[in-house]
Every structure is written in structure tokens, then in C-alpha cells.
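Asker: Protein sequence lines, in the order shown, are assigned to chains B and G. For the first sequence, my numbering begins at 444 and goes up steadily by one. For the second sequence, my numbering begins at 403 and goes up steadily by one. Pasting in a structure now, in C-alpha cells, and then I'll have a few things to ask.
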Amino acid sequence: MNKEMDLKAVVAQLRDGMTIGFGGWGPRRKPMALVREILRSDLKDLTLVAYGGPEIGMLCASGKVKKLIYGFVSLDAMPIEPYFRKAREAGAVEVSELDEGLLLLGLQAAGHKLPFAATRVGLGSDVMKYNPDFKTVKSPYGDGEVLLAMPAIKLDVALIHVSRADRLGNTQTDGPDPFFDGLFARAADKVFVTTEVLVDRIDAEYSDKAKSQLFERCFVSGVVKAPLGAHPTASHDAYGWDMAHLKDYAASATEEGGWQRYFDQYVKGDEASYAASVGGEAKIRALPLPIF
Amino acid sequence: MTTAKEFTLAELIIAAGAQAWASDGEVLATGIGPLPRLAAGLAKLTCAPGIMMTDGEAYLVEEPIPLGPRGDYRPKLSGWMPYSRVFDNVWSGRRHAMVTPVQVDRYGQGNISALGGEFQKPKVAMLGVRGFPGNSICHKNSMFLPNHSKRTFVEGEVDVVASVGYNAKNWPEGTKPADVKLGVVITDLCVFDFNGPDHAAQVLSLHPGVTFEQVQDATGFPLLRAAGMATTAAPTEEQLAIIAKLDPHNVRATVLKGNPSGVRAA
Numbered sequence: 444m445n446k447e448m449d450l451k452a453v454v455a456q457l458r459d460g461m462t463i464g465f466g467g468w469g470p471r472r473k474p475m476a477l478v479r480e481i482l483r484s485d486l487k488d489l490t491l492v493a494y495g496g497p498e499i500g501m502l503c504a505s506g507k508v509k510k511l512i513y514g515f516v517s518l519d520a521m522p523i524e525p526y527f528r529k530a531r532e533a534g535a536v537e538v539s540e541l542d543e544g545l546l547l548l549g550l551q552a553a554g555h556k557l558p559f560a561a562t563r564v565g566l567g568s569d570v571m572k573y574n575p576d577f578k579t580v581k582s583p584y585g586d587g588e589v590l591l592a593m594p595a596i597k598l599d600v601a602l603i604h605v606s607r608a609d610r611l612g613n614t615q616t617d618g619p620d621p622f623f624d625g626l627f628a629r630a631a632d633k634v635f636v637t638t639e640v641l642v643d644r645i646d647a648e649y650s651d652k653a654k655s656q657l658f659e660r661c662f663v664s665g666v667v668k669a670p671l672g673a674h675p676t677a678s679h680d681a682y683g684w685d686m687a688h689l690k691d692y693a694a695s696a697t698e699e700g701g702w703q704r705y706f707d708q709y710v711k712g713d714e715a716s717y718a719a720s721v722g723g724e725a726k727i728r729a730l731p732l733p734i735f
Numbered sequence: 403m404t405t406a407k408e409f410t411l412a413e414l415i416i417a418a419g420a421q422a423w424a425s426d427g428e429v430l431a432t433g434i435g436p437l438p439r440l441a442a443g444l445a446k447l448t449c450a451p452g453i454m455m456t457d458g459e460a461y462l463v464e465e466p467i468p469l470g471p472r473g474d475y476r477p478k479l480s481g482w483m484p485y486s487r488v489f490d491n492v493w494s495g496r497r498h499a500m501v502t503p504v505q506v507d508r509y510g511q512g513n514i515s516a517l518g519g520e521f522q523k524p525k526v527a528m529l530g531v532r533g534f535p536g537n538s539i540c541h542k543n544s545m546f547l548p549n550h551s552k553r554t555f556v557e558g559e560v561d562v563v564a565s566v567g568y569n570a571k572n573w574p575e576g577t578k579p580a581d582v583k584l585g586v587v588i589t590d591l592c593v594f595d596f597n598g599p600d601h602a603a604q605v606l607s608l609h610p611g612v613t614f615e616q617v618q619d620a621t622g623f624p625l626l627r628a629a630g631m632a633t634t635a636a637p638t639e640e641q642l643a644i645i646a647k648l649d650p651h652n653v654r655a656t657v658l659k660g661n662p663s664g665v666r667a668a
């Protein structure tokens, strides 16, 4: 069993109109090497699901998005992702704006093969109004409470960046917070991971870190060795986010033809030329993780 | 407990904000933004020692973390609080957050999602509802609004109901807003809450030098005078010393335009 693939082979498995979920959280641990490969492709009409960061903005900027399902789309220091904002204000994409916890519950329901999750979250808010397909359900027990039935959010594919992986599809993820990578993995028909480090057998080399596995290998369809593949987002504990680069990216959103400029300057070539264009490996590895 | 002679409006707000957690016991206190975060830190070190706090990322701490670059300070961690646990905590109700909506209405509803236009094509896209719907239905929330005006305290309803309130028409049949727990609303002019008759907004205290009429003129909905409406208590020297320690880079001076004095000139 060898699940190793390259970026192009993963993108070749994606289809127009698919629903794609992204691991990570804001500008943290986003599978950006795969996002850039999608940007280089002619894929379109995608539905994206995320606790979003620049992956959402970039795919919106390139016109590949039909619909967004999100808890937020943020670059942290820049609270609203610039191209997400542009797409929203232009009405360029359909949106399902969710409470962050509803996104969690929808993914969890999908992973558990349930039609919905019962919750109070969303009741009394405009989440109900702007997701008109959401329905309520009455508790069958004595309390009779009326709850929101948060529908399962099924993903065709989840794309997730990890710290280490092996060719069997075992993964490990460093950092203080697992975020919801495990829920994205379980909600998807197929999961493709990009990894900072790829080994033959993770049990042979990183046995002491088994607790940092967030989802089992049965969910993993493909593993791509993509060191620095989360740049410009943070990849714990290898490197922090590149706020200078993200500011340049954000600035492009205010320029005429700015996205094309960004694409030509950084994305157009391949991952080797990308790393060189943003200052090279040593510079990326020296990016500090943020302090709050 | 010596009342300070000189203090900024930001420091007055932090001291008043700390009181929001005073009767909470052991809850997760989350102050979003510099002044609410400093208020939670001050509460932890004075009136609410039981509250739990995070390092702003994924761990619990028993000592509030100072704002900004820390030099040699290393947080001592007492527990783990990744986002999955934050949601577990939120849904358990054992939390009290202080947040800053862009709009608030007479029903106590708050908006951080979008302004104007259609929801699918808003005039101004903001943060999205983020965690507001779940937070506001599950646990207590107080608010800090730095600019008390009719633009923030709107005449009608907020453009997007992100945090829930007491407007019955927004609650599906069979559900009710009775359990919504709103704490205090602290602004640059006053402290108020929604505990008047039928959840009407009532002013608890006016900041020094501010009149009730001034506050009403800056509010898009009617305000009541709470029984015993007072002047917001000035911080003590002890509180100011703690605030200075929690905010060594004086971030608090950058929050309110011009960093005005806590006592408004008549």
C-alpha cells in the first residue's frame, strides 16, 4: 500500500461542482500547495467548506467558487479576508453563513452518517433566516423542546495539511490546537493530505507522537509530500504565518488587476518557483509562530 | 482602596467591565479585544478570582496574560482549551464573554455579520456571525461598544441578528428567548443592561460628566433610568496598577480616539 501522490494527481481527481472542505483555521495549517495547484487548473463551480483563511479568498478571486459554507473567513490580523469581502460585496458567490459551532455539528453529523444534529445554536438568530432550508425538530421526550436540526455537511473531498505522514496514510499534526481537521476528514468521501515530512512508516520513526494523529488512515486516499506547503499560513511547529506576504496579498485585492498580478508573481509556476518567489526555504522556516 | 484622581476613559471602562464577572463563580471569561480582555484580567485578580481564562490560543492559565510582546514572561499553563473544548464549554453554559458588536438594538440583538444591501450582496461584509448565535443562546454575554451613537445603537433592528435577543418574532414556533442571558453593555458614555420591564434597556451608571439626556440622544431606542442610577465608579489606584501591569505597552491608550480622560469636561 502506497498512497503517495503528487499535487497534480490530486487535482486530477477533483471535478467541477464538487464540495471541498479545508482543514486548518484562518491563516493556520491550510493546504495551500494544493490550493495553488487548483488555482493553476481549470476547475470551477466549487462549493467550499471551511473555517476559512486565504484558501477561500484565493479561490474566490480566481472565479472558481459557486458557493461558500463557512464559520468565518479571516486572516486574523486582518479580520476579514480581503477577497472574501470583495466576493461577498459583489454578490459573486452564494453563501451559507454558519455559526462556527453549527459548522462543527454539520461536519460531525456527516462523519457519523446522520442526517442532522440537534442543537439550540442558531435559534433566534438570522442564521435561520439566511439558511432557509434549515428546519427545527421537536424533542420526542417529555421536555418537548424545539431544536434546530443542523443538516449534515457532506464533503466530496477534504484537503488537509499535516506535520508528518507515511505512505500508508497515517498522519500526525503538531501544534497546540487540532482545530477540526478530524471532522473534515470524517465528513469526506476522500481525503488528500499534504505533509511537511513524508516517511515510509510513521510507527518506525515517530512512535512516540502517535497521540498527535487526528484521523485514521482509512479516511486518507492520498498523501502528498509538500514541505512548506502551508505557506503563507502557519504550519505548527515548522513555521509561522507570513504576515508580510499576506499583507501584499491583501493589498492586491485593492489594485486594478491585482489578483492577476498576485497569480503571475507567485502562483503561476510550480511550488519550487513559489518558494523562491516568497523568499526561499530558509526564510519561510524562520517565520515565527504568532504570540497572542 | 484609594480612588484614583486621574484616569483615562479606557481605564474607567476596564474597571467597570471587570465588575461584569463579579458574581459569576467558575466560568470561562473571554474578553474579545484589548479593553474586554483587560477587564477580564482585572476581574480575575480582584473581584472574580474563580473565573477561568485562556492564553488567547489553546491553553488555560491562572494568571492573566499581559497584552503584546512579553519579554521574558512565560505563561504558566493550567489546562488545555483547544477550540473543540471551547465549543463544549460554550454549549455547557459555563462561560461569560464580553464582545463588541458593530450594531446593537433594543432587543439586545447584536450584529457583526454584514451591513446594508441584501444578505447575499451586502453593502459592507463584516466578520460573519462567527460564534455569536451559539454563544448568545448558551451563555451570558456582556458587550463593550467604544462609540455610543445611533449608528451602533440602532433605531430599528440590527441588519443581521448574529447574537440573539428578546425579539419574539425571530424565535421559531415552540422556542422562546426567555433564557437569553445578557450581561452589561459598557460604552464610552455609560453602563446599561436589558433588565428593565420586558427587557427594556436601562442605564445603570453614567460615566463622570455624562448626562442621561446625552446618552439618550446618542441611542436609537428608548432608555430607562435604573433604580439607583449612579455615576460609574472611578478606578482605584490599586486597579490602575494592575491594569498597567496587564498592559505594559499601553495598548489601552489606542482604543478610544484621543485617549480621553475618564472625567468628561462639562
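Think of the CB as a built atom: it goes at the ideal place given N, C-alpha and C, for glycine as much as any other residue.
(1) Find the nearest neighbour of residue 492 of chain G within the set G:461, G:540, G:524, judged by alpha-carbon distance.
(2) Is residue 603 of chain B helix, strand or coil by DSSP?
(3) Spatial neighbours of residue 487 of chain B within its chain, please: CB distance less than 6 Å, with the 5 preceding and 5 following residues excluded, ordered by chain position.
(4) Since residue 511 of chain G and residue 559 of chain G should fall inside the 8 Å C-beta cutoff, what is the C-beta to C-beta distance between them, to a whole number of angstroms?
(5) Considering only residues of the stretch 474-505 of chain G, which uninterrupted alpha helix (DSSP H) runs meet the minimum length of 4 residues and lie entirely inside it, listed in chain order?
(6) What does residue 472 of chain G reach in chain B if we use C-beta pairs closer than 9 Å?
(7) Going by beta-carbon coordinates alone, are residue 516 of chain B and residue 527 of chain B separated by less than 7 Å?
(8) What are the residues in the stretch 636-651 of chain G lying within 7 Å of chain B by C-beta distance?
(9) Contact criterion: CB-CB distance below 7 Å. Does residue 531 of chain B meet it with respect to chain G?
(10) Once the 5 residues before and after residue 497 of chain G are set aside, which same chain residues still bring their CB inside 7 Å of it?
(11) Give me the Cα-Cα distance between residue 604 of chain B and residue 480 of chain G, rounded to the nearest whole angstrom.
(12) Given that residue 499 of chain B touches chain G, what residues does it touch there, using C-beta distances under 9 Å?
(13) Quick check: the stretch 444-456 of chain G against the stretch 409-421 of chain G, are at least 3 beta-carbon pairs closer than 8 Å?
(14) So what does residue 513 of chain G bridge to, in DSSP terms?
(15) Within 10 Å of its beta-carbon, does residue 583 of chain G have 16 or more other beta-carbons around it, so buried, or fewer, so exposed?
(16) When the Cα atoms are used, what is the spatial distance from residue 465 of chain G to residue 478 of chain G?
(17) On the premise that residue 505 of chain G lies in contact with residue 554 of chain G, defined as a C-beta separation below 8 Å, what is that separation, rounded to the nearest angstrom?
(18) Would you list, in sequence order, the uninterrupted beta strand (DSSP E) runs of no fewer than 3 residues that lie entirely inside the stretch 653-726 of chain B?
(19) Check whether chain G comes within 7 Å of residue 557 of chain B, counting only Cβ atoms and requiring the distance to be less than that.
(20) Tell me the residue span of the beta strand (DSSP E) that contains residue 586 of chain G.
(21) Apart from the five residues just before and just after residue 663 of chain G, which ones in its own chain have a Cβ nearer than 7 Å to its Cβ?
(22) So what does DSSP say about residue 529 of chain G, is it helix, strand or coil?
(23) DSSP puts residue 540 of chain G in a beta bridge; with which residues?
(24) Of the residues that make up the stretch 565-585 of chain B, which ones have a beta carbon closer than 8 Å to any beta carbon in chain A?
(25) With respect to the beta strand (DSSP E) encompassing residue 592 of chain G, which residues constitute its N-terminal and C-terminal limits?
(26) Leaving out the 5 sequence neighbours to the left and right, which residues in its chain are closer than 6 Å to residue 582 of chain B when beta-carbon positions are compared?
(27) If the cut is a Cβ gap below 7 Å, which residues of chain B does residue 579 of chain G touch?
(28) Is the separation between the beta-carbon of residue 665 of chain G and that of residue 624 of chain G shorter than 7 Å?
(29) Closest Cβ-Cβ distance between residue 529 of chain G and chain B: below 7 Å?
(30) Kindly indicate the opening and closing residues of the beta strand (DSSP E) around residue 526 of chain B.
(31) Does the beta carbon of residue 549 of chain G sit closer than 7 Å to a beta carbon anywhere in chain B?
(32) Please report the Cβ distance between residue 727 of chain B and residue 718 of chain B, rounded to the nearest whole angstrom; I am assuming they are in contact, meaning their Cβ atoms lie under 8 Å.
(33) Does the distance from the C-beta atom of residue 594 of chain G to that of residue 605 of chain G stay below 7 Å?
(34) List, in order along the chain, the chain B residues whose C-beta lies closer than 9 Å to that of residue 521 of chain G?
Answerer: So, from the listed chains and residues:
(1) G:540
(2) strand
(3) 459, 507
(4) 7 Å
(5) 485-494
(6) 734
(7) yes
(8) none
(9) yes
(10) 429, 430, 432, 491, 541
(11) 29 Å
(12) Correct list: empty, because the minimum Cβ distance to chain G is about 11 Å.
(13) yes
(14) G:505
(15) exposed
(16) 8 Å
(17) 6 Å
(18) 663-668
(19) no
(20) 584-589
(21) 410, 411
(22) coil
(23) The partner list for residue 540 of chain G (beta bridge, DSSP) is empty, contrary to what the question assumes.
(24) In the structure shown, chain A cannot be found, because the protein chains are B and G.
(25) 592-595
(26) 588
(27) 567
(28) no
(29) yes
(30) Per DSSP, residue 526 of chain B belongs to no beta strand (DSSP E); it is in the alpha helix (DSSP H), 525-532.
(31) no
(32) 7 Å
(33) yes
(34) 538, 540, 569, 572, 573
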